[in-house]
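Okay, structure first, notes after.
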Amino acid sequence: MDETALRQLLESVRDGRTGTDEALADLRDFGIRRVGDVAFDSHRPLRRGMAEAVFAERKSDTQLCDAVSAAILAGGDVLVTRLAPERVQVLRDRHPDQPFEHSPNARTVLIRQRPWEDKGRGEVLVLCAGTADVPVAEEAAVTAEFLGNRVVRGFDVGVAGLHRLVPYLDALRRATVAIVVAGMEGALPSVVAGLAPCPVIAVPTSVGYGASFGGVAALLAMLNSCAGGVTVVNIDNGYGAGMAAALMNRKREEH
Numbered sequence: 017m018d019e020t021a022l023r024q025l026l027e028s029v030r031d032g033r034t035g036t037d038e039a040l041a042d043l044r045d046f047g048i049r050r051v052g053d054v055a056f057d058s059h060r061p062l063r064r065g066m067a068e069a070v071f072a073e074r075k076s077d078t079q080l081c082d083a084v085s086a087a088i089l090a091g092g093d094v095l096v097t098r099l100a101p102e103r104v105q106v107l108r109d110r111h112p113d114q115p116f117e118h119s120p121n122a123r124t125v126l127i128r129q130r131p132w133e134d135k136g137r138g139e140v141l142v143l144c145a146g147t148a149d150v151p152v153a154e155e156a157a158v159t160a161e162f163l164g165n166r167v168v169r170g171f172d173v174g175v176a177g178l179h180r181l182v183p184y185l186d187a188l189r190r191a192t193v194a195i196v197v198a199g200m201e202g203a204l205p206s207v208v209a210g211l212a213p214c215p216v217i218a219v220p221t222s223v224g225y226g227a228s229f230g231g232v233a234a235l236l237a238m239l240n241s242c243a244g245g246v247t248v249v250n251i252d253n254g255y256g257a258g259m260a261a262a263l264m265n266r267k268r269e270e271h
């Protein structure tokens, strides 16, 4: 339930179209939609303006399907992250009538129950250093789009061939926020932040040889960036970067 849905419910009670008992049933559990072991927070959009996502990794098939069922019952769009390709059919079998948008690169499934609405002040630019970083970059991009942002993508623009970044300089100047994804030495966010007039969210990936320590080398490089104002999320955390970008780019409503 978001602010629009709550306002509609209150107006419906005021106008006599909805009884107080029916409205109370909607509000009694503070937006917790429980299915099986899962308690889905359907009031998160009301509090934060951002819907809860379903993290698929390490959930059993039953828990995954129950979580998605609870999210569907909440009435908003549904984003499933870290979904292994072989588990997509599990969800399709449980919810055959739902419109699935599956992104194999991002390992996400999106179920839209409402028309997409632009909630951003401008564009979110997602850049990644190499094609091995694309899955994390795509998770960030899909998340930002799910949360109502216009996204521009620029992939394979790392420092090993820095001239590849040039075609995206205009997009970087236009962007309200940039998400920059890189593994190996993690240098690309520092370069971009030196050129960007907008906030930069750096995402280290676990891509790299042994001394990259599963992304720790890139993480430390980004934390130690000499370009001021670089914000760093956790290793491979495309979802967190997309969420942060959406919060930065969000329109402020006047009340």
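For this note's numbering, add 16 to where a residue sits in the sequence shown, where the first one is 1. Just so it is clear, CB atoms sit at the ideal spot from N, CA and C, and this is done for glycine as well. In this text, all values refer to a predicted model and were calculated from it rather than measured experimentally.
- For the set Asn253, Leu89 and Arg137, the Cα lying nearest the Cα of Leu263 is the one of Arg137.
- For Cys81, the enclosing alpha helix (DSSP H) covers residues Asp77 to Leu89.
- Between Glu117 and Leu126, the CB-CB gap stays under 7 Å.
- Residue environment analysis places Cys242 among the exposed positions, since fewer than 16 neighbouring C-beta atoms fall within 10 angstroms of its C-beta.
- Residue pairing by DSSP places Val197 opposite Cys144 and Val219 in a beta bridge.
- Take the alpha-carbon of Pro112 and the one of Val96: they are about 16 Å apart.
- Here the stretch 158-166 makes contact with the stretch 128-137; the two share three or more CB pairs at distances below 8 Å.
- Boundaries around Ser206 are those of the alpha helix (DSSP H), Leu204 to Ala209, since no beta strand (DSSP E) includes it.
- Looking only at Gly92, Ala100 and Arg110, the smallest Cα-Cα distance to Thr78 is reached by Arg110.
- Residue state for Ser119 is assigned as strand, using DSSP reduced to three classes.
- The beta-bridge partner set that DSSP reports for Phe71 consists of Thr97.
- Taking a contact as a CB-CB distance under 8 Å, the pair Val182 and Ala218 does not count as one, their CB atoms being some 20 Å apart.
- The beta-bridge partner set that DSSP reports for Glu139 consists of Arg166.
- For Val248, the uninterrupted beta strand (DSSP E) segment begins and ends at Val246 to Val248.
- Excluding residues up to 5 positions away in sequence, Ile127 lie with their Cβ nearer than 6 Å to the Cβ of Gln114 in the same chain.
- Judged by DSSP in its simplified three-state form, Val173 adopts coil rather than helix or strand.
- In the DSSP assignment, Val232 falls outside any beta strand (DSSP E) and within the unbroken alpha helix (DSSP H) covering Val232 to Leu239.
- Per the DSSP secondary-structure output, Val125 pairs in a beta bridge with Val96 and His118.
- If you draw a straight line from the Cα of Val158 to the Cα of Thr36, it is about 39 Å long.
- In the assembly as shown, Pro213 is an exposed residue. Its beta-carbon has fewer than 16 other beta-carbons within 10 Å.
- The C-beta distance from Ala261 to Val140 rounds to 5 Å, short enough to meet the 8 Å contact threshold.
- Secondary structure of Arg33 (DSSP, three-state): coil.
- Here the stretch 184-191 does not lie against the stretch 144-153, with fewer than 3 beta-carbon pairs under 8 Å apart.
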